[in-house]
Amino acid sequence: MSSAVDRTITDMEGGAALPRKNGELIFEAPWEARAFGMVVRLCESGLYQWDDFKERLIRAISQHACKDPGVDPEVGYYHHWLCAFEQLLKDHGILSNAEIEARAAEYLSNKRDLYE
Amino acid sequence: MMGYGGHHPGQPSMAEALTAAIESLLIEKGLISSDAIDAVVEKYERDIGPLNGARVVARAWVDPEYKSRLLTDATSAIAELGIKGMQGEHMVVVENTPEVHNLVVCTLCSCYPWPVLGLPPNWYKTPAYRSRAVSDPRGLLREFGLELDENVQIRVWDSSAEIRYMVLPERPAGTEGMTEEELASLVTRDAMIGVAKVRPPKKS
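Residue numbers (this note's numbering), protein chains in the order written: chain B, 1 to 116; chain G, 1001 to 1204.
If you want it as structure tokens, here you go:
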């Protein structure tokens, strides 16, 4: 595992810049930190290049492509982040749409426990 | 796993469900582990960022014109070096001299010029530092190991959401032949907050 942080990630600019307060990263809910950690970790593992993710993130932000109907797409940076991540996983054949949807449905219907 | 500890137990949001779905699938495929995710998050949360301020100080030491721009309009002079991340904060740089020593604090909270200095050290945020910087700066500096001569004036600069201060420390003696890059490596975070001086290089 790479031990240093990647400046191309920490120094993203404009709408893609990581949300910070007084320099510190802000995660407003635990899932946001999980989503952040997964994207960065798989990039460290070499499954994709950072730009592969970044271009999808920028597209998600500009198109408001997020599909969570309960959330105002204007407010949630990490909703766009998650949306871009899902797209990247599908585009690179890492996960399929069908398996993600099926598994998410299990969490939504409490067949699987989110809090265990 | 670290968990999703939610606002509506038993009623996950779409984002929570999607994140958990992706995480569990990636784990099953052996592509990731929960511990590795935790470790990445921790690493990025602890990252203090590059010490861009050291480059600013070194440039000011070698280039008098840059230094005068820095002291009159620090925000522009810092941007000149390609340092990014300012979010509308106005930067002011204050110069230490043999007669005047500057100290930066944020008495209200923990405002800090992070694009130049990275994340603040923990002590910067403590009530003790924030109050003593104002009530007894000389005593506070002594605790940091900085004994100032009685006739050195101490000026305390209180940061705010709008104005962030950084100290331009004195260039130490014995550094005349050093390059800008070598000089930058001498400059510490503490010196740019004003709780230390820049030490001359160790004789090798």
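Note that the Cβ used here is the ideal one computed from N, Cα and C, for glycine as well.
Below-8 Å beta-carbon distance, residue i vs any chain G residue
i, result
"I58 (chain B)", "no"
"F53 (chain B)", "no"
"D11 (chain B)", "yes"
"A33 (chain B)", "yes"
"A98 (chain B)", "no"
"E120 (chain B)", "Outside the displayed span of chain B (1 to 116) sits residue 120 (chain B), for which this structure offers no information."
"E28 (chain B)", "no"
"L114 (chain B)", "yes"
"L89 (chain B)", "yes"
7 Å Cβ cut-off: residues of chain G touching residue i
i, result
"M38 (chain B)", "I1022, E1023, L1026, I1032 and I1037"
"Y107 (chain B)", "P1012, A1017, A1020 and A1021"
Amino acids of chain G, ordered along the chain, whose beta-carbon sits closer than 8 Å to that of residue i
i, result
"H79 (chain B)", "A1015"
is_contact[residue i, chain B] using C-beta, thresh 8 Å
i, result
"G1053 (chain G)", "no"
"M1002 (chain G)", "Note on M1002 (chain G): pLDDT 47, under 50, position unreliable in the model; no value is reported."
"G1082 (chain G)", "no"
"D1158 (chain G)", "no"
"V1041 (chain G)", "yes"
"Y1165 (chain G)", "no"
"S1110 (chain G)", "yes"
"G1049 (chain G)", "yes"
DSSP state of residue i mapped onto helix, strand, coil
i, result
"M1192 (chain G)", "helix"
"D6 (chain B)", "coil"
"D1158 (chain G)", "strand"
"I1163 (chain G)", "strand"
"R20 (chain B)", "strand"
"M1178 (chain G)", "coil"
Proximity test, residue i beta-carbon vs the ligand MG heavy atom, cut-off 7 Å
i, result
"N1151 (chain G)", "This structure lacks the ligand MG, and indeed carries no ligand of any kind."
Assigned exposure category for residue i - 16 Cβ within 10 Å defines buried
i, result
"P1169 (chain G)", "buried"
"A102 (chain B)", "exposed"
"P1120 (chain G)", "buried"
"D1047 (chain G)", "buried"
"R1189 (chain G)", "buried"
Neighbour list for residue i in chain B, Cβ cutoff strictly below 9 Å
i, result
"E1045 (chain G)", "E24, L25, F27 and A33"
"W1061 (chain G)", "Within 9 Å Cβ-Cβ: nothing; W1061 (chain G) doesn't reach chain B, min ~25 Å."
Contact list for residue i against chain G, beta-carbon separation under 9 Å
i, result
"L42 (chain B)", "L1026, L1031 and I1032"
"A16 (chain B)", "Those do not exist, as A16 (chain B) stays about 13 Å from chain G at its closest Cβ, beyond 9 Å."
"L82 (chain B)", "A1015, L1018, T1019 and I1022"
Taking one C-beta from the stretch 1033-1053 of chain G and one from the stretch 3-13 of chain B each time, how about it: are there three or more such pairs within less than 8 Å?
-> yes
Check whether the stretch 1125-1133 of chain G touches the stretch 1069-1083 of chain G, taking contact to mean three or more Cβ pairs, one atom from each stretch, closer than 8 Å.
-> no
Quick check: the stretch 1020-1040 of chain G against the stretch 1147-1162 of chain G, are there 3 or more CB pairs under 8 Å?
-> no
When the Cβ atoms of the stretch 11-23 of chain B are set against those of the stretch 45-59 of chain B, are three or more pairs found closer than 8 Å?
-> yes
Using 8 Å as the Cβ pair cut-off and three pairs as the minimum, do the stretch 1011-1025 of chain G and the stretch 32-46 of chain B touch?
-> yes
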